[in-house]
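Oh and the sequence shown: position 193 is 193 in the UniProt record's numbering, straight run, nothing missing.
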Amino acid sequence: MREISTAALQMGPIQKSESRAEVVARMISLLEQAHAAGAVFAVFPELTLTTFFPRWYVEDQAQVDQWFEAEMPGPHTAPLFARARELKIAMSFGYGELTPEGQHFNTSILTNREGEIIGKYRKVHLPGHSEYDPERAFQHLEKRYFLPGDLGFPVWRNLGGIMGMMICNDRRWPEAYRVMGLQGVEMVTLGFNTPSVNSQMSSEGPEDRLFHHRLSCQSGAYQNATWVVAVAKAGVEDGHSLIGGSLIVDPNGKIVAETKTEEDEMIVHHCDLEACNFGKSTIFDFKRHRRIEHYGLITQR
Ligand code: CDT
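Pasting the structure below:
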């Protein structure tokens, strides 16, 4: 057994008016629950530290920059890192990253049990649009506020396994999983903020949204023989609803734990990485079975 006791730490809604200090206090409380439940790895959502701000159209860049972190850890997140170090719990969480060069990314980091950042991922698949769209019920301005990630889909050795990260919309793209699968990934973490309705098709509601979310995580896990830990920011933020449904999915594609609320909520599972071996050495033994001579179109425009 190579077990990683993993906690998916779902966050309930974060209103625009909530401070970083309030959010970080909630994160620390969840981290402590995870530790008490025996977890050594804790996964938080996409853009954990703020409301899901891409729903707001803002022209003043200084105002936009208030949703971003110029340092990680920074003054607001230092207490979270300190507590994680004390509890010896590794973490992954998402935040808006502002680089010293003034670039903006939708980013996720991975730490070890010593609270050191050992991995960084910048969201590749940015959904939505870049200008105000009066046709939509609400805005989804990720293409306005972020650059597409420039770090690819790397994997890292952590806690005795091979880990990779993706962020929200990436889970709908099989290529994202496969690039990590080809590097032997055993646990993929992903945070998400998924609106409960489609802003361009009101008939697509929470049931459909949850169905497509589960489908994307379960197929990615199965087809790459990897654990997937998918964590929501959920609930109603300033009148806008986000789905819950945080999941831990095993390498057979089966859901082994799922949240029940749209609030701060923890689920824990003892994830045995050895469970990846069967799929990786049989039906999804990529070296033996892939036929890349037929896949050329995938990397052409
Ligand atoms: N955060 C994020 O990527 N959300 C998207 C919404 C898609 S609709 C523009 C998602 O794929 O869940």
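Note that the Cβ used here is the ideal one computed from N, Cα and C, for glycine as well.
Is DSSP giving residue i helix, strand or coil here?
i           : result
His140      : coil
Leu49       : coil
Lys287      : helix
Glu97       : strand
Gly220      : helix
Asn106      : strand
Arg122      : strand
residue 329 : Limits of the chain in this structure are 1 at one end and 301 at the other, which puts residue 329 out of reach.
Gly191      : strand
Asp208      : helix
Asn277      : helix
Gly161      : strand
Asp65       : helix
Val40       : coil
Phe180      : Correcting the residue identity first, residue 180 is Met in this sequence and not Phe. Helix, per DSSP.
Ile248      : strand
His129      : coil
Leu80       : helix
Ile117      : strand
Ile255      : strand
Following a CB-centred definition, is residue i positioned closer than 7 Å to any heavy atom of the ligand CDT?
i      : result
Gly102 : no
Pro148 : no
Thr194 : yes
His140 : yes
Glu22  : no
Cys168 : yes
Glu207 : no
Pro13  : no
Pro127 : yes
Glu46  : yes
Arg122 : no
Arg172 : yes
Which word fits residue i, buried or exposed, when buried means at least 16 other C-beta atoms lie within 10 angstroms of its C-beta?
i      : result
Ser92  : buried
His270 : exposed
Met1   : exposed
His294 : exposed
Arg83  : buried
Arg290 : exposed
Asp170 : buried
Pro45  : buried
Leu242 : buried
Gly161 : buried
Lys88  : exposed
Thr299 : exposed
Would you say residue i and residue j are within 8 Å of each other, going by their C-beta atoms?
i           : j      : result
Val231      : Gln10  : yes
Ser219      : Gly253 : yes
Val24       : His104 : no
Lys26       : Asp264 : Before going further, note that residue 26 is Arg rather than Lys in the sequence given. Yes, they are a contact pair.
residue 302 : Ile167 : Beyond the ends of the chain as shown, which are 1 and 301, falls residue 302; an answer cannot be given.
Ala8        : Ser246 : yes
Thr50       : Asp238 : no
Pro174      : Gln139 : no
Thr194      : His213 : yes
Phe41       : Leu159 : yes
Pro148      : Val124 : yes
residue 379 : Glu207 : A query on residue 379 cannot be resolved here, the shown segment of the chain reaching from 1 to 301 and no further.
Met72       : Ile109 : yes
Val43       : Thr99  : no
Leu47       : Gly102 : no
Gly94       : Thr111 : no
Looking at the C-beta of residue i, does it have a partner C-beta in chain D at a distance below 8 Å?
i      : result
Ile248 : Reference to chain D is not applicable here, since this structure consists of a single protein chain.
- Task: Mind listing, in chain order, the continuous alpha helix (DSSP H) runs of no fewer than 4 residues lying wholly within the segment 10 to 37?
- Result: Inside the segment 10 to 37, DSSP marks whole alpha helix (DSSP H) runs of 4 or more residues at positions 20 to 36, from first to last along the chain.
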